[in-house]
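Asker:
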Amino acid sequence: QPGMYTVVLGCRSEQLGEAAAQELRGAGADVVVRRLDLTDAGSIGELQDYITKEFGRLDCLVNNAAVCFNSPSLFGKVPHTPFRAQAGITMDTNFFGTLAVTQAMLPLLRASEAPGRVVNIAS
Numbered sequence: 002q003p004g005m006y007t008v009v010l011g012c013r014s015e016q017l018g019e020a021a022a023q024e025l026r027g028a029g030a031d032v033v034v035r036r037l038d039l040t041d042a043g044s045i046g047e048l049q050d051y052i053t054k055e056f057g058r059l060d061c062l063v064n065n066a067a068v069c070f071n072s073p074s075l076f077g078k079v080p081h082t083p084f085r086a087q088a089g090i091t092m093d094t095n096f097f098g099t100l101a102v103t104q105a106m107l108p109l110l111r112a113s114e115a116p117g118r119v120v121n122i123a124s
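Here my numbering is used: the first residue of the sequence shown is 2, the next is one more, and so on.
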């Protein structure tokens, strides 16, 4: 239902986030784009502060960010990254980054009038 919820779309690239937000707005969603980099504690804190000040709560956290080195669409377009480095970057982003965001948002989820929800999307 339009106006019932606001989607805060956290995205490392605000330009790509805004493109996704336009599509959601076209479907009637209320969307705000904010910068979020799972490997940057400062951006996680800034997003937490923003949600706290603007909404005072978070009803649902959807963790959908990740990094993937074996995408066929990247072959030949990015420099080769040795496997050991890939593993570190992947763990820092997909596990520790997701954990840091979730931990930062827990107080806001607990403040929700409905039971706060966490949805983790992975492949």
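The C-beta atom is built at its ideal place from N, Cα and C for all residues, glycine as well.
Keep in mind it's a predicted model, so treat the numbers as computed, not measured.
How far does the beta strand (DSSP E) with valine 79 in it extend, from its first residue to its last?
Answerer: Element bounds for valine 79: n/a, residue is neither H nor E.
Asker: What's the gap between the Cα of leucine 25 and the Cα of phenylalanine 56?
Answerer: 20 Å
Asker: In chain order, which alpha helix (DSSP H) runs of at least 4 residues are fully inside the stretch 32 to 101?
Answerer: 42 to 55 and 84 to 91
Asker: Using the Cα positions of aspartate 41 and leucine 100, report the straight-line distance between them to the nearest angstrom.
Answerer: Taking the straight line from one Cα to the other gives about 12 Å.
Asker: Can you give the Cα-Cα distance for threonine 7 and alanine 30, rounded to whole angstroms?
Answerer: 7 Å
Asker: Count the other CB atoms, across all protein chains shown, that sit within 10 Å of the CB of asparagine 121; report buried if there are 16 or more and exposed otherwise.
Answerer: exposed
Asker: Take the Cβ of valine 34 as the centre, count every other Cβ of all protein chains shown within 10 Å, and call the residue buried at 16 or more, exposed below.
Answerer: buried
Asker: Please report the straight-line C-alpha distance between glutamine 87 and asparagine 65, rounded to a whole angstrom.
Answerer: 19 Å
Asker: From the DSSP output, read off the bridge partner residues of leucine 10.
Answerer: The partner list for leucine 10 (beta bridge, DSSP) reads Val34.
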